[in-house]
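Protein chains in written order, with our numbering: chain A, 210 to 428; chain R, 3 to 123. Report on the structure given below.
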């Protein structure tokens, strides 16, 4: 068993033993456990990840186990880099370079904003990708599940999230993209949202695209 | 236990449109029949909220087409729910300033496939 623990978190021996027992039930080489089960006394699910090409259904003897199958193409994703950063694995996990674009990031924002606005009282569960991508582009660091949960729980209200994105996004985009790309990409997006401004989400996204594009226009 | 035929009829009533919305999903009727009345009522309320423009859609600026529509003119409304630890999703699709065209209901595998078709990634 391999323990990935870059921040030297206190992990209980009992949980590590339980993790090992669960991983041995899985008939594939690459599998790992990540998330609150490893570092929180109270946890909801045991998040198990299995990297395989097989279509066979995988099950373990634990009703709280939630198994996610990852394809080998997923190894390039920010999601994989995050969940595998702090984890307990059956063996050394395969490493691939991160492949991520600003268009991917915008895709995440585009979907997260309506989702958060539809779940104003339960918005925390919808922040995972939005915060992960934003922090990556802002700091160049991939947050592990522990760091990500801490960051997500630092937001007390959905309005704080909307303000955070409005504050951070223009600088992030200007740091990572050329002015010509920003103009082309964000004016196209703005045109799309313009006709949907009756909706709160698309109205917010329209304003956001303008804030980013304006930064280029006014230097 | 919910009757799938009545479930579809109730939804059609809320929409009050002449265009026949398509109910799609590999095990649509089977999943609906597993719903409790309470869960179904919550879904009906969600539909009326969509019609009342209280629910935010996911839209995407894309040059692709989906059947006879441009993806960029589609509004997709998403509703997650679970039955006995299995997660399901509804994707309800409307044409901008026009009719509701498709009501998808299925498990994660079906959801991922439908998302890809709608170019939602």
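From the three backbone atoms N, C-alpha and C, an ideal C-beta is built for every residue, glycine too.
Bridge pairing for residue 108 of chain R: R:91 [DSSP].
At least one CB atom of chain A sits nearer than 7 Å to the CB of residue 61 of chain R.
Closer than 7 Å to the CB of residue 333 of chain A there is not a single CB belonging to chain R. As computed with DSSP, residue 403 of chain A is found in no beta bridge at all. Taking 7 Å as the threshold, the shortest C-beta distance from residue 379 of chain A to chain R does not fall below it. Beyond the five residues adjoining it in sequence on each side, residue 371 of chain A comes within less than 7 Å, by CB distance, of 413 in the same chain, given in chain order. Residue-level contact by beta carbon holds for residue 58 of chain R and chain A, with a gap shorter than 7 Å.
Under the DSSP definition of a beta bridge, residue 71 of chain R partners with R:68. For residue 415 of chain A, the CB contacts under 7 Å within the same chain, skipping 5 residues up- and downstream, are 399, 402, 403, 406 in chain order.
Between the segment 17–33 of chain R and the segment 59–69 of chain R there are fewer than three C-beta pairs closer than 8 Å, too few to call the two in contact.
Put simply, the backbone Cα of residue 101 of chain R is about 7 Å away from that of residue 21 of chain R.
At the C-beta level, residue 410 of chain A and residue 322 of chain A come within 7 Å of one another.
Around the beta carbon of residue 7 of chain R, fewer than 16 other beta carbons sit within 10 angstroms, so the residue counts as exposed.
Sequence-distant Cβ neighbours of residue 35 of chain R in its own chain, meaning closer than 7 Å and more than five residues away, are 3, 4, 6.
Between the C-alpha atoms of residue 290 of chain A and residue 361 of chain A there is a straight-line separation of about 18 Å. Judged by DSSP secondary structure, residue 47 of chain R falls within the alpha helix (DSSP H) whose first and last residues are 39–53. Between residue 10 of chain R and residue 25 of chain R a beta carbon distance of about 5 Å is seen, short of the 8 Å cut, so the two are scored as contacting. For the C-beta of residue 84 of chain R, not a single chain A residue is nearer than 9 Å; the gap to the nearest is close to 12 Å. By the Cβ test, the segment 223–237 of chain A is not in contact with the segment 278–285 of chain A, since fewer than three Cβ pairs between them sit closer than 8 Å. Residue contact check for residue 100 of chain R against chain A: no CB pair falls below 7 Å.
Residues of chain A whose Cβ lies closer than 7 Å to the Cβ of residue 74 of chain R are, in chain order, 401. Rounded to whole angstroms, residue 314 of chain A and residue 329 of chain A show a C-alpha spacing of 22 Å.
For residue 351 of chain A, the closest of A:374, A:325, A:288 by C-alpha to C-alpha distance is A:288. For residue 410 of chain A, the closest Cβ of chain R is nearer than 7 Å.
Its Cα nearest to that of residue 254 of chain A, the residue A:272 stands out among A:376, A:241, A:267, A:272.
No Cβ of chain A is located within less than 7 Å of the beta carbon of residue 54 of chain R.
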